Amino acid sequence: MTTDRMTPQKWAYQLTHILNAYASDRERFPVNVKAVAKDFSHHKYPDDPITKIKGSSLPGFDGGLFKAPKGRKGWGIIYNNSMRSTGRINYTLAHEFGHYLLHRLDYPDGIECSEQDMVRWDSAYGKVEHEANIFAANLLMPLDDYRKQISPKTVIDLDMIEHCADRYAASLIAATLRWIEYTERRAILVISRDGFILWARSSKAAFRTGIYFRTSNCPPIPIPKGSLASGLITTENQRHGIELQPGIWFDEGCKEIVVFSGHYNFTISVLQFENSAMKNFHKE
Ligand SMILES: [Zn+2]
Numbered sequence: 291m292t293t294d295r296m297t298p299q300k301w302a303y304q305l306t307h308i309l310n311a312y313a314s315d316r317e318r319f320p321v322n323v324k325a326v327a328k329d330f331s332h333h334k335y336p337d338d339p340i341t342k343i344k345g346s347s348l349p350g351f352d353g354g355l356f357k358a359p360k361g362r363k364g365w366g367i368i369y370n371n372s373m374r375s376t377g378r379i380n381y382t383l384a385h386e387f388g389h390y391l392l393h394r395l396d397y398p399d400g401i402e403c404s405e406q407d408m409v410r411w412d413s414a415y416g417k418v419e420h421e422a423n424i425f426a427a428n429l430l431m432p433l434d435d436y437r438k439q440i441s442p443k444t445v446i447d448l449d450m451i452e453h454c455a456d457r458y459a460a461s462l463i464a465a466t467l468r469w470i471e472y473t474e475r476r477a478i479l480v481i482s483r484d485g486f487i488l489w490a491r492s493s494k495a496a497f498r499t500g501i502y503f504r505t506s507n508c509p510p511i512p513i514p515k516g517s518l519a520s521g522l523i524t525t526e527n528q529r530h531g532i533e534l535q536p537g538i539w540f541d542e543g544c545k546e547i548v549v550f551s552g553h554y555n556f557t558i559s560v561l562q563f564e565n566s567a568m569k570n571f572h573k574e
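Numbering (the numbering used here), first residue to last: 291 to 574.
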């Protein structure tokens with residue numbers, strides 16, 4: 291039997307289509323990845339399905355896709371049972387389901403995934419992990435629904451992102467990364483740790499107007515003094531954000547909110563800019 295060369299988006303779209311058709315509005319979100327992965331794989335690949343999904347001790351990894359023991363057919367998805375957040379568990383299951391659909395033939399012994407694999411959404415990090423993350427984000431957080439929660443023109447705050455993380459049972463980080471993909475506003479996410487930028491992701495509108503950081507093949511960029519990410523964080527200004535003067539992050543002022551991940555030990559700064567700079571851009 292040949293396997294269709296499907297992209298992560300196509301797989302997620304196919305599943306989204308099925309879920310839209312069969313799940314009632316009340317049951318539609320969050321996606322029950324356990325049930326979907328088992329049902330869909332049994333239906334689509336009855337000789338090679340996902341037969342087991344469970345938590346287990348998995349030191350050093352968030353999850354993995356494992357071949358069934360000799361003599362049995364199919365695959366198992368294991369998540370690290372020390373994870374407590376429903377969002378992280380659900381996201382991990384979706385990521386591993388993505389590996390099953392996209393990569394099991396190339397990795398017949400399975401794949402184990404670290405926490406780093408779950409949060410690096412930049413393709414430079416690794417194609418296989420990137421594809422699993424694209425699949426997970428598309429499956430859990432379809433953009434047509436996400437746009438109804440937060441309009442592409444809206445300036446966001448932490449409450450809105452929390453609402454979406456909750457609706458989709460995804461981590462705050464995954465929900466924020468998903469938003470940046472479709473917002474029409476000029477915004478950039480800056481992921482930092484220990485005072486330095488690890489990587490960053492710009493919205494399309496921001497990128498077109500010069501709002502971006504290059505982080506590969508260049509010296510580490512320090513977090514600017516005076517930013518929330520540099521340590522000025524209180525519960526209040528984290529929740530509502532602060533307005534920053536020009537010259538701190540970029541030549542123009544911006545609103546910064548931060549999203550923490552205690553577990554991942556890094557900070558995501560969400561920097562949002564006035565959209566008026568677009569005018570200058572169009573004049574050229
Ligand atoms: Zn992975």
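Think of the CB as a built atom: it goes at the ideal place given N, C-alpha and C, for glycine as much as any other residue. Note that the coordinates shown come from a computational prediction; the quantities given were computed from them, not determined experimentally.
Classification of residue i by the beta-carbon crowding that lies within 10 angstroms, buried from 16 upward
| i | result |
| --- | --- |
| C403 | buried |
| R295 | exposed |
| H530 | exposed |
| L429 | buried |
| N371 | exposed |
| E533 | exposed |
| H385 | buried |
| E421 | buried |
| S461 | buried |
| S559 | buried |
| R374 | exposed |
| Y436 | buried |
| A311 | exposed |
| G388 | buried |
| T292 | Per-residue confidence for T292 stands at a pLDDT of 47, beneath the threshold of 50, marking its modelled position as unreliable; the derived number appears in the next sentence. Flag for T292 reads exposed. |
| Q535 | exposed |
| D407 | buried |
| S362 | The residue you asked about is not Ser; residue 362 is Arg in the sequence shown. Flag for R362 reads exposed. |
| R476 | buried |
C-beta contact flag for residue i and residue j at 8 Å
| i | j | result |
| --- | --- | --- |
| S482 | T557 | yes |
| I463 | P298 | no |
| A455 | G377 | yes |
| P432 | E474 | no |
| A519 | V549 | no |
| R457 | Q439 | yes |
| I487 | F497 | no |
| V418 | H393 | yes |
| G416 | K357 | no |
| L383 | K324 | yes |
| A465 | I446 | no |
Residue interval of the alpha helix (DSSP H) (run including residue i)
| i | result |
| --- | --- |
| S331 | 323-334 |
| A422 | 417-430 |
| L467 | 462-472 |
| A495 | 494-498 |
| A455 | 448-458 |
| G405 | Residue identity check: residue 405 is Glu in the sequence provided, not Gly. Unbroken alpha helix (DSSP H) run through E405: 405-409. |
| R437 | 433-439 |
Host beta strand (DSSP E) of residue i (start-end)
| i | result |
| --- | --- |
| L534 | 532-534 |
| N370 | 365-370 |
| F356 | 353-357 |
DSSP state of residue i mapped onto helix, strand, coil
| i | result |
| --- | --- |
| I547 | strand |
| K342 | strand |
| C508 | coil |
| S482 | strand |
| Y397 | coil |
| T557 | strand |
| L488 | strand |
| E317 | helix |
| F387 | helix |
| Q299 | helix |
| R476 | strand |
Cβ-based neighbour list, residue i, same chain, cut-off 7 Å, excluding 5 preceding and 5 following
| i | result |
| --- | --- |
| I538 | P514, G516, S517 |
| A302 | F425, N428, L429 |
Close-in-space but distant-in-sequence residues of the same chain around residue i (CB under 8 Å, 5 per side omitted)
| i | result |
| --- | --- |
| Y390 | A327, S331, I340, L355, W365, I367 |
| H572 | Note that H572 scores 45 on pLDDT, short of 50, meaning its location in the model is unreliable; the coordinates nonetheless yield the value given after this. Cβ neighbours of H572 beyond the five flanking positions: none. |
| P320 | N380, L430, R457, Y458, A459, A460 |
| G350 | S404 |
| T306 | N428, L429, P432 |
6 Å CB neighbourhood of residue i in its chain, flanking five on each side removed
| i | result |
| --- | --- |
| L561 | I478, W539, C544, E546 |
| P510 | F486 |
| G500 | none |
| I343 | K324, I367 |
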